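Student: Quick note on numbering: this note's numbering labels position 387 of the sequence shown as 636, and the sequence is numbered without any gaps.
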Amino acid sequence: MARPLEDVYCTLLMSDSYLPGAAVLAHSLRDAGTTKKLAALITLDTLSPDTVAELKTLYDYLIPVERIRNPNPANLYLMGRPDLAFAFTKIALWRQTQFRKVVYLDADVVALRALDELFGLEAPFAAAPDVGWPDAFNTGVMVISPNMGDYWALQTMAAAADSFDGADQGLLNQYYEHRSWHRLGFTYNCTPNAQYQWEPAYRYYKRDIGAVHFIGKDKPWSSGRTGGGGPGVHNELLARWWAVYDRHLKAATTPQSGEGPSGRRYSTTVQQYVHGQATSADFGTSSLQHIAAVPDIVEPEAPIITAEAPLSEPGEAVENIDQGVVEPTPTFEQRKFSAPQMQWDATRFEPPAESVPEAANFPTRTYEFNESKQLFQAPRSYPAPPTDMWYQVPETRPTPAEKPRAIFPWEKEPDRPQATRVFAEDLASSPQPGSGPSLVDSAQQFTTTHCEEGAGSPPGQAQATGPGSPERPSSPQTADQQWQTFQQNNSNAWDAVPGIDTYVRAIMESQTKRGKPQLLHQDGVPEDILSPAISRKDRRQSLILTDFPSAMERPSLPVTPAPIRRPTFWGEERDEAGELPQAEGVPEQEDWVCPKCGFISVRAEDFRRDHRHSSDASTTTALASPPPASSQSPSTTKPRENPPSPIFSPATTLAGSPEMQYRAGISPRGAPLASLTDAPLQPSSPSLELQTHFPGFSAP
Ligand SMILES: O=c1ccn([C@@H]2O[C@H](COP(=O)(O)OP(=O)(O)O[C@H]3O[C@H](CO)[C@@H](O)[C@H](O)[C@H]3O)[C@@H](O)[C@H]2O)c(=O)[nH]1
Ligand SMILES: [Mn+2]
Numbered sequence: 250m251a252r253p254l255e256d257v258y259c260t261l262l263m264s265d266s267y268l269p270g271a272a273v274l275a276h277s278l279r280d281a282g283t284t285k286k287l288a289a290l291i292t293l294d295t296l297s298p299d300t301v302a303e304l305k306t307l308y309d310y311l312i313p314v315e316r317i318r319n320p321n322p323a324n325l326y327l328m329g330r331p332d333l334a335f336a337f338t339k340i341a342l343w344r345q346t347q348f349r350k351v352v353y354l355d356a357d358v359v360a361l362r363a364l365d366e367l368f369g370l371e372a373p374f375a376a377a378p379d380v381g382w383p384d385a386f387n388t389g390v391m392v393i394s395p396n397m398g399d400y401w402a403l404q405t406m407a408a409a410a411d412s413f414d415g416a417d418q419g420l421l422n423q424y425y426e427h428r429s430w431h432r433l434g435f436t437y438n439c440t441p442n443a444q445y446q447w448e449p450a451y452r453y454y455k456r457d458i459g460a461v462h463f464i465g466k467d468k469p470w471s472s473g474r475t476g477g478g479g480p481g482v483h484n485e486l487l488a489r490w491w492a493v494y495d496r497h498l499k500a501a502t503t504p505q506s507g508e509g510p511s512g513r514r515y516s517t518t519v520q521q522y523v524h525g526q527a528t529s530a531d532f533g534t535s536s537l538q539h540i541a542a543v544p545d546i547v548e549p550e551a552p553i554i555t556a557e558a559p560l561s562e563p564g565e566a567v568e569n570i571d572q573g574v575v576e577p578t579p580t581f582e583q584r585k586f587s588a589p590q591m592q593w594d595a596t597r598f599e600p601p602a603e604s605v606p607e608a609a610n611f612p613t614r615t616y617e618f619n620e621s622k623q624l625f626q627a628p629r630s631y632p633a634p635p636t637d638m639w640y641q642v643p644e645t646r647p648t649p650a651e652k653p654r655a656i657f658p659w660e661k662e663p664d665r666p667q668a669t670r671v672f673a674e675d676l677a678s679s680p681q682p683g684s685g686p687s688l689v690d691s692a693q694q695f696t697t698t699h700c701e702e703g704a705g706s707p708p709g710q711a712q713a714t715g716p717g718s719p720e721r722p723s724s725p726q727t728a729d730q731q732w733q734t735f736q737q738n739n740s741n742a743w744d745a746v747p748g749i750d751t752y753v754r755a756i757m758e759s760q761t762k763r764g765k766p767q768l769l770h771q772d773g774v775p776e777d778i779l780s781p782a783i784s785r786k787d788r789r790q791s792l793i794l795t796d797f798p799s800a801m802e803r804p805s806l807p808v809t810p811a812p813i814r815r816p817t818f819w820g821e822e823r824d825e826a827g828e829l830p831q832a833e834g835v836p837e838q839e840d841w842v843c844p845k846c847g848f849i850s851v852r853a854e855d856f857r858r859d860h861r862h863s864s865d866a867s868t869t870t871a872l873a874s875p876p877p878a879s880s881q882s883p884s885t886t887k888p889r890e891n892p893p894s895p896i897f898s899p900a901t902t903l904a905g906s907p908e909m910q911y912r913a914g915i916s917p918r919g920a921p922l923a924s925l926t927d928a929p930l931q932p933s934s935p936s937l938e939l940q941t942h943f944p945g946f947s948a949p
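(1) Could you name the residues of the same chain whose beta carbon sits closer than 6 Å to that of residue 440, not counting the 5 residues immediately before and after it, in chain order?
(2) Can you tell me where the beta strand (DSSP E) holding residue 461 begins and where it ends?
(3) If we call anything under 7 Å between Cβ atoms a contact, is residue 387 one with residue 438?
(4) Terminal residues of the continuous beta strand (DSSP E) containing residue 393?
(5) Quick one: measure Cβ to Cβ for residue 430 and residue 375, integer angstroms, because I've assumed they're closer than 8 Å.
(6) Apply the 10 Å Cβ neighbour rule to residue 348 and answer buried if 16 or more other Cβ atoms are within range, or exposed otherwise.
(7) Assuming the contact rule is C-beta atoms closer than 8 Å, residue 267 and residue 289 should be a hit. Round their C-beta distance to whole Å, please.
(8) Tell me which residues share the same chain as residue 297 and place their Cβ nearer than 8 Å to its Cβ, disregarding the 5 neighbours each side in the sequence.
(9) Is the beta carbon of residue 287 closer than 7 Å to that of residue 258?
(10) According to DSSP, is residue 259 part of a helix, a strand, or is it coil?
(11) Closest to residue 371 by CA distance: which of 254, 392 and 640 is it?
(12) Under 6 Å from any heavy atom of ligand 2, does the C-beta of residue 393 make it?
(13) How would you label residue 490, buried or exposed, when you count the other beta carbons within 10 angstroms and need 16 or more for buried?
(14) Tell me the DSSP bridge mates of residue 290?
(15) Check residue 359 in the structure and name its three-state DSSP category.
(16) Using a C-beta cutoff of 7 Å, does residue 399 count as contacting chain B?
(17) Who are the near neighbours of residue 471 in its chain, counting only those whose CB is closer than 6 Å to its CB and skipping five residues on each side?
(18) Whose CA, out of 328, 737, 342 and 436, lies closest to the CA of residue 316?
(19) Give the DSSP-derived three-state secondary structure of residue 351 in the structure shown.
(20) Which residue wins for smallest C-alpha separation from residue 368, given the options 254, 740 and 859?
(21) Examine ligand 1 and report whether any of its heavy atoms sits within less than 6 Å of the Cβ of residue 465.
(22) Assuming the contact rule is C-beta atoms closer than 8 Å, residue 742 and residue 657 should be a hit. Round their C-beta distance to whole Å, please.
(23) Looking at the structure shown, is residue 842 part of a helix, part of a strand, or coil, going by DSSP?
(24) Answer yes or no: do residue 516 and residue 487 have a C-beta to C-beta separation smaller than 7 Å?
(25) With DSSP as the reference, label residue 987 as helix, strand or coil.
(26) Pick from 839, 862, 313 and 311: whose alpha carbon is nearest that of residue 759?
(27) Flag residue 263 as yes when its Cβ comes closer than 6 Å to any non-hydrogen atom of ligand 1, and as no otherwise.
(28) Which same chain residues end up closer than 6 Å to residue 661 when comparing Cβ atoms and leaving out the 5 residues on each side of it in sequence?
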């Protein structure tokens, strides 16, 4: 016949720091005369060999178990106990099926008497109410009938972190909420509370108390004896723990030298985890302060001796003090720190996915309202406001910002007039049919606007000739006269630098020799670039740089004699039958626009002399044989007597050279140059559209 299964008291130890608790628990049970064996579940990888050795002397069975970590320990922070991350390990009790019944006791429990009657309970599970929520049970004292069915169910819950407090108590209460369990009396798991205790009840039930359980972060051995000196329920019960400790484990005068009253050797292993133990100073002070041992713990009525009472072993400490014995601090005292249980074991697991950040452990400080009943007394007087508060205006004016470095020669002229700006919007309103601004006017506007640095013009000239200037001559001039005046008074500074001229001509000639026309479009297909129906993206990138304003900048500026045709509301182009009359006093288009390639020069002389196509072998200039249909104004056919300086000559000569496009891409005032589209300009085109070309940027 098989041997009947055994009954045991069992505890759990997962860290060295709880060793004093486990030791006191074992002693308290044995002192109480239990007939049952003692067992301890231990996690070998987190306990020191010394601790295990000590446990071996105290317990009949040491049962190694794997720690079970809460995979989602967030709820532990709700009760401020992140150190209980491995509390689920406790469910290993249910798999100890080698035992019939287990009376489980936390390591922070001290038995005041043997609890053997608990093994006679029928119920498969029993526990006492929790003091914080009495409908729930506390898991520090439990009567368990181990079985694998419950174990696997609990294990599944633990794996899912199914626990309202993140630890075993939440998990087990959830598990047994809908199962039958036996409710033990509070006397089996009395949890003294420093803040609240129902003292009359304590006094009344005191003699029934079977086990005291020191719940919470602070344990008797971790806070030391200082807290347990006075009257009150909590201190009385604390004294019961220290009584067992003192009887069996308290440090002797010389470590490892003595024997306790029970005949056991004092344990230095245990002492090192007891606050305030194992230093010579402590030997003296503790014996003065501590509550001395209660002689017979089986007798709850035994008188409790307070600090003022005679010491149980007065000789030791006094002797030491008197003889001036100063013992070196033992190394185990220096090593007694035991790190609290971490939220996760970095040596075995990855950090939990939803772990609480470190900051959750930062100390917090609570400020409370002042509860003083004293009425507020206003001070008799307040300090006078400061009298020297005003803004001190600085005596010296701040030095004006430095002028920008001169780039062009004329910028160095000392009495160069301040440049002004004139914008198209400031000028006369849009061209009127028949009397709209001529090309001369436009050119004047343009030059004044764009050469606002007053390039090359005599002092004051830029303003004087500006159309928007108040000093504008009011006497009416013919367009031709204005053109003459304008051209005489305006020239570009770079035209006076022969080097530029020579260089650009050389490029142009070399291109002409290579048969590259300067402005021929790639495929020769004429295109009505002015048609609004043609979207911008369909146009090829321009090859020509000029200083013309772009269509965007000056959309209405008529830089060609012909007006811009806008589509009607219905989208089609307007009839060519001139709605707008030809402008007067404007040079003929053939004088400055190449009918072949649309190349533009403002100075007709330059145009005739310089602009040639390689195919024009017999032609001296592009304009030697102007298209017969376009000759209209007699004023443009006669040669000019005093050829004025070119205005746009760089543009005419730079055409077609990508390198020079880049170099000439910035106008004298730093604005990007405009470029003509490379589509051919038809003599019959209704207008010419200009397109801004920024160096380095290609229009789609
Ligand atoms: O670092 C540790 C932490 C815990 N334990 C063991 O686990 C038990 C539970 O920890 P404890 O500090 O005693 O928890 P309590 O302050 O008592 O907190 C309550 O909440 C815990 C978590 O739900 C339950 O385990 C307790 O029974 C319950 O009283 C201890 O007694 C020890 O046996 C260790 O060995 N090392
Ligand atoms: Mn406990």
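For every residue, glycine included, the Cβ atom is placed at its ideal position computed from N, Cα and C. No experiment lies behind these values; they were computed from the predicted model shown.
Tutor: In short, the structure shows the following:
(1) By one-based count along the sequence shown, residue 440 stands at place 191. Cβ within range, chain order: 380, 462 and 464.
(2) To locate residue 461, count along the sequence shown from 1; it is residue 212. First-last of the beta strand (DSSP E) with residue 461: 460 to 462.
(3) Start at 1 with the first residue of the sequence shown, and residue 387 comes out as number 138. Start at 1 with the first residue of the sequence shown, and residue 438 comes out as number 189. Yes, the Cβ-Cβ distance between residue 387 and residue 438 is below 7 Å.
(4) As a position in the sequence shown, residue 393 is number 144, starting the count at 1. Segment 386 to 393, the beta strand (DSSP E) holding residue 393.
(5) As a position in the sequence shown, residue 430 is number 181, starting the count at 1. As a position in the sequence shown, residue 375 is number 126, starting the count at 1. 6 Å between Cβ atoms; contact.
(6) Counting from 1 along the sequence shown, the entry for residue 348 is found at position 99. It counts as buried.
(7) Position 18 of the sequence shown, counted from the start, is the residue given in the question as residue 267. Position 40 of the sequence shown, counted from the start, is the residue given in the question as residue 289. With a Cβ gap of about 11 Å, residue 267 and residue 289 do not count as contacting.
(8) Start at 1 with the first residue of the sequence shown, and residue 297 comes out as number 48. These residues qualify, in order along the chain: 265.
(9) Walking along the sequence shown from the start, residue 258 turns up at place 9. Walking along the sequence shown from the start, residue 287 turns up at place 38. Cβ distance < 7 Å, so residue 258 and residue 287 count as in contact.
(10) If you number the sequence shown from 1, residue 259 lands on position 10. Three-state result, residue 259: strand.
(11) Mapped onto the sequence shown, residue 371 falls at position 122. The shortest C-alpha separation from residue 371 is found at 392.
(12) Taking the sequence shown and counting its residues from 1, the one referred to as residue 393 is at position 144. Every heavy atom of ligand 2 is 6 Å or more from the Cβ of residue 393, so no.
(13) For the purposes of this step, residue 490 is identified with residue 241 of the sequence shown, where counting begins at 1. Residue 490 should be labelled buried.
(14) To locate residue 290, count along the sequence shown from 1; it is residue 41. Bridge partners of residue 290: 261 and 312.
(15) Indexing the sequence shown from 1 puts residue 359 at position 110. Here residue 359 sits in strand by DSSP.
(16) Protein chains in the displayed structure number just one, and chain B is not present.
(17) As a first step, residue 471 is located in the sequence shown; it is residue number 222 there, counting from the start. Excluding residues within five positions, the ones whose Cβ falls inside 6 Å are 524.
(18) Within the sequence shown, numbered from 1, the residue matching residue 316 stands at position 67. Selected option, being the one with the closest Cα: 342.
(19) Here residue 351 refers to the residue found at position 102 of the sequence shown. If DSSP states are grouped into helix, strand and coil, residue 351 belongs with the strands.
(20) Within the sequence shown, residue 368 is the residue found at index 119, counting from 1. The residue with the shortest Cα to Cα distance from residue 368 is 254.
(21) Position 216 of the sequence shown, counted from the first residue, corresponds to residue 465. At least one heavy atom of ligand 1 is nearer than 6 Å to the Cβ of residue 465, so yes.
(22) If you number the sequence shown from 1, residue 742 lands on position 493. If you number the sequence shown from 1, residue 657 lands on position 408. About 6 Å separates the two Cβ atoms, so the contact holds.
(23) Counted from its first residue, the sequence shown places residue 842 at position 593. If DSSP states are grouped into helix, strand and coil, residue 842 belongs with the strands.
(24) Position 267 of the sequence shown, counting from 1, holds the residue named residue 516. Position 238 of the sequence shown, counting from 1, holds the residue named residue 487. Their beta carbons are not under 7 Å apart, which means residue 516 does not touch residue 487 by this criterion.
(25) For the chain, the structure presents residues 250 to 949; residue 987 sits outside this window and is missing.
(26) Your numbering for residue 759 matches position 510 in the sequence shown. Comparing Cα-Cα distances from residue 759 to each of 839, 862, 313 and 311, the minimum goes to 862.
(27) For the purposes of this step, residue 263 is identified with residue 14 of the sequence shown, where counting begins at 1. The answer is yes for residue 263.
(28) Within the sequence shown, residue 661 is the residue found at index 412, counting from 1. Within the same chain, residue 661 has close Cβ partners 655.
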